[in-house]
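Protein chains in written order, with our numbering: chain A, 1 to 109; chain B, 110 to 225.
Glycine is no exception: its CB is placed at the ideal position from the N, C-alpha and C atoms.
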Amino acid sequence: DAKTTQPTSMDCAEGRAANLPCNHSTISGNEYVYWYRQIHSQGPQYIIHGLKNNETNEMASLIITEDRKSSTLILPHATLRDTAVYYCIVIYNTDKLIFGTGTRLQVFP
Amino acid sequence: GAVVSQHPSRVICKSGTSVKIECRSLDFQATTMFWYRQFPKQSLMLMATSNEGSKATYEQGVEKDKFLINHASLTLSTLTVTSAHPEDSSFYICSAWTATTNEKLFFGSGTQLSVL
Chain A
1 DAKTTQPTSM
11 DCAEGRAANL
21 PCNHSTISGN
31 EYVYWYRQIH
41 SQGPQYIIHG
51 LKNNETNEMA
61 SLIITEDRKS
71 STLILPHATL
81 RDTAVYYCIV
91 IYNTDKLIFG
101 TGTRLQVFP
Chain B
110 GAVVSQHPSR
120 VICKSGTSVK
130 IECRSLDFQA
140 TTMFWYRQFP
150 KQSLMLMATS
160 NEGSKATYEQ
170 GVEKDKFLIN
180 HASLTLSTLT
190 VTSAHPEDSS
200 FYICSAWTAT
210 TNEKLFFGSG
220 TQLSVL
């Protein structure tokens, strides 16, 4: 079973910040939180990952709660090209990588 | 970043034939590779985990004699769908794990299999 739960879908206006939540209440101390997104009929694309500190790169920011039981992916200025399914998964080495249902983000003009 | 090359991107075959899908890590060595299948509007479903030089570990409900996985080197894993039937039509995706880069997990671009 997937170790993460996410809302099924979200909408966001173009130019606004998209905040995608993820619950991983059973995460263990050595598991990282990874975020990927998948555009129709393509392989998942890496976005960002973190262990316990907040992280930022050119694509997004990742906010992890202090107890590490949840996290939020932030796309600061969503564009139409950010419309995709976003997956949050927890990984430690080569444990089975089970994907949850993901969040289908629709960015509208 | 690291690249995983998956071929072919699309294949159409007749029922009863076998299809081989290749997954290569182009600039890194992948100790572990994962194979997923995905039906329309659904999430990725893990089929099997393969480690270089050893037998793949299949998920419950995945027939190992139907979906043959070979991970003969640190840069190549193959998935062969044997005696394909229309119900095997799906999007197949590989991913490769490495401990040598920050991102660690990389995905191929996927293979759309259509069995007629």
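Cβ closer than 9 Å: which chain A residues qualify as neighbours of residue i?
| i | result |
| --- | --- |
| residue 221 of chain B | 41 |
| residue 212 of chain B | 34, 46 and 49 |
| residue 209 of chain B | Here the premise fails: no neighbours, minimum Cβ distance about 13 Å. |
Would residue i pass as an interface residue toward chain A - the criterion being a Cβ-Cβ separation below 8 Å?
| i | result |
| --- | --- |
| residue 148 of chain B | no |
| residue 218 of chain B | yes |
| residue 155 of chain B | yes |
| residue 158 of chain B | yes |
How would you list, in chain order, the residues of chain A whose beta-carbon sits under 7 Å from the beta-carbon of residue i?
| i | result |
| --- | --- |
| residue 152 of chain B | 99, 100, 101 and 102 |
Nearer than 7 Å: is that true of the beta carbon of residue i relative to any heavy atom of the ligand SAH?
| i | result |
| --- | --- |
| residue 222 of chain B | With respect to small molecules bound, the structure shown includes none, and the ligand SAH cannot be examined in it. |
Can you list the residues of chain A that residue i reaches, using a CB-CB cut of under 8 Å?
| i | result |
| --- | --- |
| residue 202 of chain B | 43 and 44 |
On the DSSP letters alone, give me the boundaries of the beta strand (DSSP E) that residue i sits inside.
| i | result |
| --- | --- |
| residue 180 of chain B | 176 to 182 |
| residue 142 of chain B | 141 to 147 |
| residue 123 of chain A | The structure shown does not extend to residue 123 of chain A, since chain A spans only 1 to 109, so no value can be given for it. |
| residue 53 of chain A | It is not in any beta strand (DSSP E) - residue 53 of chain A carries neither H nor E in the DSSP assignment. |
| residue 120 of chain B | 119 to 122 |
| residue 129 of chain B | 128 to 134 |
| residue 21 of chain A | 18 to 23 |
| residue 137 of chain B | Where residue 137 of chain B is concerned, there is no enclosing beta strand (DSSP E), given that its DSSP letter is neither H nor E. |
| residue 116 of chain B | 113 to 116 |
| residue 57 of chain A | No beta strand (DSSP E) contains residue 57 of chain A, which DSSP labels as neither H nor E. |
| residue 152 of chain B | First-last for residue 152 of chain B: undefined, no H or E at that position. |
| residue 201 of chain B | 199 to 206 |
| residue 108 of chain A | 103 to 108 |
| residue 83 of chain A | No beta strand (DSSP E) holds residue 83 of chain A; DSSP gives it neither H nor E. |
| residue 70 of chain A | 70 to 75 |
| residue 163 of chain B | Residue 163 of chain B -> no beta strand (DSSP E), and no H or E assigned at all. |
| residue 97 of chain A | Note, residue 97 of chain A: premise wrong, no beta strand (DSSP E); not H, not E. |
If contact is defined by three or more beta carbon pairs under 8 Å, each pair taking one atom from either stretch, is the segment 39 to 51 of chain A in contact with the segment 69 to 87 of chain A? yes
Could you list the residues in the segment 92 to 106 of chain A with a C-beta less than 7 Å from some C-beta on chain B, going in chain order? 94, 96, 97, 98, 99, 100, 101 and 102
Can we say the segment 1 to 13 of chain A touches the segment 51 to 69 of chain A, given the rule of at least three CB pairs closer than 8 Å? no
Is the segment 23 to 32 of chain A touching the segment 112 to 128 of chain B, taking contact as three or more C-beta pairs under 8 Å? Inter-segment contact for the segment 23 to 32 of chain A and the segment 112 to 128 of chain B is absent: fewer than three beta-carbon pairs are separated by less than 8 Å.
Of the residues that make up the segment 182 to 195 of chain B, which ones have a beta carbon closer than 9 Å to any beta carbon in chain A? Listed by position along the chain: nothing, the set is empty.
Check whether the segment 124 to 132 of chain B and the segment 194 to 203 of chain B touch, using three or more Cβ-Cβ pairs below 8 Å as the test. yes
With three or more C-beta pairs closer than 8 Å as the rule, is the segment 97 to 105 of chain A touching the segment 152 to 168 of chain B? Counting Cβ pairs under 8 Å, three or more are found: they touch.
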